[in-house]
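Chemist: Just so we're on the same page, our numbering is the position in the sequence shown counted from 1, plus 524. Quick reminder that beta carbons are idealized off the backbone N, C-alpha and C, glycines included.
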Amino acid sequence: MYLTSISLSYFFLGIAIVSIAAYLYFKLLVVKTDPQNEDREKIIGDMNDPTSWRERNKRMSVVCLFWFIVSTIVFVVLKFFYPIALVPLMLLVIYAILMVLSIVFFSRGKRKASI
């Protein structure tokens, strides 16, 4: 199955918009949970391990920023530099799998061994 490069480019624009929104969300959480911020207690509350939670949010913000940059580059290339043609759907599936795997892989924190 094939998609046109124009329609696929707008799909990547949508992914870029969602990625930048997620980046801003995670970055806002990191900034608001800074030890010098007065909103820290409102967000963290009675959390068991706020430092690992904050580190995970930092990693997720970097992952979302990475996918924003990649999606924007792919959008620009498909929209302006790639001739109007058919693109295999398999490329979109591979892109989505890589995106999901990176989010799952980087969202996991280093687990401490419990004795």
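What residues match up with Tyr619 in a beta bridge as DSSP calls it?
Modeler: Mapped onto the sequence shown, residue 619 falls at position 95. Per DSSP, none; premise fails for Tyr619.
Chemist: Over what stretch of residues does the alpha helix (DSSP H) that includes Thr596 continue unbroken?
Modeler: Taking the sequence shown and counting its residues from 1, one reaches residue 596 at position 72. First-last of the alpha helix (DSSP H) with Thr596: 574-600.
Chemist: In the DSSP output, which residue or residues are listed as bridge partners for Val624?
Modeler: Residue numbering aside, residue 624 sits at position 100 when the sequence shown is read from its first letter. Per DSSP, none; premise fails for Val624.
Chemist: Is there at least one Cβ from chain C nearer than 8 Å to Tyr547's Cβ?
Modeler: Absent here is chain C; the protein component of the structure consists of one chain.
Chemist: Going by beta carbon distance, what residues of the same chain come within less than 7 Å of Met571, once the five residues before and after it are set aside?
Modeler: Numbered from its first residue, the sequence shown carries residue 571 at position 47. Counting only Cβ-Cβ distances below 7 Å, and skipping sequence neighbours, we find Trp577.
Chemist: Considering only C-alpha positions, which residue in the set Ile539, Ile567, Leu613 is nearest to Leu552?
Modeler: The residue labelled residue 552 in the question sits at position 28 within the sequence shown. It is Ile567 whose Cα lies nearest to the Cα of Leu552.
Chemist: Here's the rule: buried if 16 or more other CB atoms are within 10 angstroms of the residue's CB, otherwise exposed. What is Val601?
Modeler: Within the sequence shown, numbered from 1, the residue matching residue 601 stands at position 77. So Val601 counts as exposed.
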